[in-house]
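The structure under discussion appears below in the form of structure tokens.
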DNA sequence: CACTTGACCTGTCCGC
DNA sequence: TGCGGACAGGTCAAGT
């Protein structure tokens, strides 16, 4: 999925476009149903106004005037794409191929607003979900109870970062970085990028990481995700923002999906391996493998 | 408990 | 150009 920077980019774009709009209709793919929605859509979704768009970890929260919120996880291939009334009826961006083509075979949910604008939830692999729950109950959900701190929170320190890893003492540092209960929002791209930046091999065990290395990982993880948000996220294949546009962070990636190319720091050839069950990119010279 | 693996789906790419 | 297998931004439920 989209990782923290991609979800944050979607959040920013959606906030600009849908806050203040009122939902007038909803439709969804009938085969699997409105994904995971446990309660009555008619009473708490239709007629409700959007009052805020928030993010926690990789989960988006769209708060409604009905005191309910839509919680959305994009998982690997989810998209939330807004199409304005002008886009639909010809006065907007007639050459935007993605928007022109919507809805398409991956569209699972469509929300219609009172002015005729639309919000599409597309998800090719169908791993993503959307739930409608009372806003006040969000903090009590199992996910929110267990998820780790936001890494870009200005109050989140290097010391706190290191301490979070005490819960995963005997696993690899890559697996721990991907564990959302340790620190929120890091996924496969930014784990590899941060490990390269900190010169830490992904197969190193958490217990072997020094204080200086934890400090470097903290700094690198924050820097790489901050840069990615500035660049509108990473687009390998499916990810797009709320306008249906791709992000450009991949142009700035140092190791992710750059196997066979030179390490920008030392010139060694970047390798792709498998760690924690995930494709993993390293510089074999900068990142020393454990024995 | 901590940790690893497979499953969830569909599409694409790569080697034969 | 066809076909099988591996793989893809994430998380769970199982298993050890």
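Residue numbers (this note's numbering): 221 to 511. For each residue, glycine too, the CB sits at the ideal point set by N, CA and C. No experiment lies behind these values; they were computed from the predicted model shown.
Minimum C-alpha distance to residue 328 - residue among 366, 483, 301:
To locate residue 328, count along the first chain from 1; it is residue 108. With distances taken between Cα atoms, residue 328 lies closest to 301.
Thinking C-beta only, is residue 285 closer than 8 Å to residue 268?
Indexing the first chain from 1 puts residue 268 at position 48. Indexing the first chain from 1 puts residue 285 at position 65. Yes. Within cutoff.
Alpha-carbon to alpha-carbon, residue 306 and residue 203:
Beyond the ends of the chain as shown, which are 221 and 511, falls residue 203; an answer cannot be given.
Quick check on the burial criterion: 16 or more other C-beta atoms within 10 angstroms. Buried or exposed for residue 320?
Looking up residue 320 in the first chain gives position 100. That one is exposed.
Determine the DSSP secondary structure at residue 288, reduced to helix, strand or coil.
For the purposes of this step, residue 288 is taken as residue 68 along the first chain, with counting starting at 1. Looking at residue 288 - three-state DSSP - the assignment turns out to be strand.
If you compare alpha carbons, which of 346, 478, 303 is closest to residue 330?
Taking the first residue of the first chain as 1, we reach residue 330 at position 110. Out of 346, 478, 303, 303 has the C-alpha closest to the C-alpha of residue 330.
Rounded separation between residue 415 and residue 391 - CA only
Within the first chain, residue 415 is the residue found at index 195, counting from 1. Within the first chain, residue 391 is the residue found at index 171, counting from 1. Cα to Cα, residue 415 sits roughly 15 Å from residue 391.
Using DSSP with H/G/I as helix, E/B as strand and the rest coil, what is residue 244?
Start at 1 with the first residue of the first chain, and residue 244 comes out as number 24. Of the three classes helix, strand and coil, the one that applies to residue 244 here is strand, per DSSP.
So, is residue 334 buried or exposed, given that buried needs 16 or more other C-beta atoms within 10 angstroms?
Residue mapping note: residue 334 aligns to position 114 of the first chain, counting from 1. The residue in question, residue 334, is exposed, as its Cβ has fewer than 16 Cβ neighbours within 10 Å.
Are there three or more Cβ pairs, one per stretch, closer than 8 Å when the region 229-239 is compared with the region 458-475?
yes
Given a cut-off of 8 Å on the beta-carbon distance, is the pair residue 404 and residue 374 in contact?
Counting from 1 along the first chain, the entry for residue 404 is found at position 184. Counting from 1 along the first chain, the entry for residue 374 is found at position 154. It is not a contact, given that the beta carbons lie outside the stated cut-off.
Rounded separation between residue 381 and residue 443 - CA only
Within the first chain, residue 381 is the residue found at index 161, counting from 1. Within the first chain, residue 443 is the residue found at index 223, counting from 1. Their Cα atoms are separated by approximately 14 Å.
Based on the DSSP secondary-structure assignment, which residues constitute the bridge partners of residue 331?
Numbered from 1 along the first chain, position 111 holds the residue referred to as residue 331. Partner(s): 246, 339.
Going by DSSP, name the residue or residues bridged to residue 282.
One-based indexing of the first chain puts residue 282 at position 62. Answer is 273, 290.
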